[in-house]
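Trainee: The following block contains the structure, expressed as structure tokens.
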Amino acid sequence: MNKQNYSRLDNLIALPCSNKVQWVAVGHTHMHTYNKTEAQIHGMLEGTKITGRFFTRKFVQFFNGRKGLSNSSHPNNPLIISHLHTGKLNNTSSTIHYHFAFGNIPTGITQQEMMTVFEELWVHKAKQSSKSIWLQKASNENKGWITYGHRENRLGAQLGLDIHSTFIPNQAWAS
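Final position of the sequence shown in the working numbering is 866; the numbers increase by one with none missing.
Encoded structure:
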């Protein structure tokens, strides 16, 4: 799939669900891209995508148990939109990381509780970095995550929307 098709895919999947997003987050891996060859970065991205799929499964299971994975129409399934990024290749501290957007989360969950869930699943279960882990409530003022994901699409098919780490329950398509 070429870059233009990935951008279209992002528009078809992420944009229609953007009004359902309640939380946005960033989770870094331990994989540094500085001074790496294209082949090395490609291998790291493939490994990161496996981690992304694992995290997505654990997140769905946390909020809805095993039934969430086998029944995408279940009303309690969370929405997860995942964008994969390399960071700046000329920065020694940049790591491959995900920008996540979460929706259909029970409304009574506080930011501290959501951060605890995110950190438990990303850092402890998926065994990724705790550095620069970030989460905040989504609002009309911080919708930049969606355009940031589009900017990454221009870098190639390996980046931008990670469809295999994205989980969109059927009810997210309803208006």
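Glycine included, every Cβ here is placed at the ideal spot set by N, Cα and C.
1. What's the C-alpha gap between Pro797 and Glu729?
2. Express the C-alpha separation of Ser764 and His719 in angstroms, rounding to a whole number.
3. Can you round the beta-carbon distance between Ser773 and Thr747 to whole angstroms, since I take them to be within the 8 angstroms contact cut?
4. Note down, in chain order, each residue of its chain lying with its Cβ closer than 6 angstroms to the Cβ of Ala817, except the 5 sequence neighbours on either side.
5. Please report the straight-line C-alpha distance between Asn710 and Thr786, rounded to a whole angstrom.
6. Between Phe793 and chain B, is the shortest Cβ-Cβ distance under 8 angstroms, so that the two count as touching?
7. Quick test of your reading: Phe753 and Leu812, contact by CB under 8 angstroms. State the CB separation rounded to the nearest angstrom.
8. Do Leu736 and Leu775 come within 8 angstroms of each other at the CB atom, strictly closer than that value?
9. Roughly how many angstroms separate the alpha carbons of Glu804 and Ala792, rounded to a whole number?
10. Determine the direct distance from the alpha carbon of Tyr789 to that of Val715, and round the result to whole angstroms.
11. CA-CA distance, Arg845 and Asn755?
12. Shortest alpha-carbon distance to Gly734 belongs to which of Asn762, Gln713, Thr777?
13. Please classify Lys727: does DSSP put it in a helix, a strand, or coil?
Mentor: For this structure:
1. 41 angstroms
2. 30 angstroms
3. 7 angstroms
4. Thr742, Phe745, Phe746
5. 29 angstroms
6. In the structure shown, chain B cannot be found, because there is only a single protein chain.
7. 6 angstroms
8. yes
9. 16 angstroms
10. 11 angstroms
11. Here the model assigns Arg845 a pLDDT of 46, short of 50, so the residue's position is not dependable and the matter cannot be decided.
12. Thr777
13. coil
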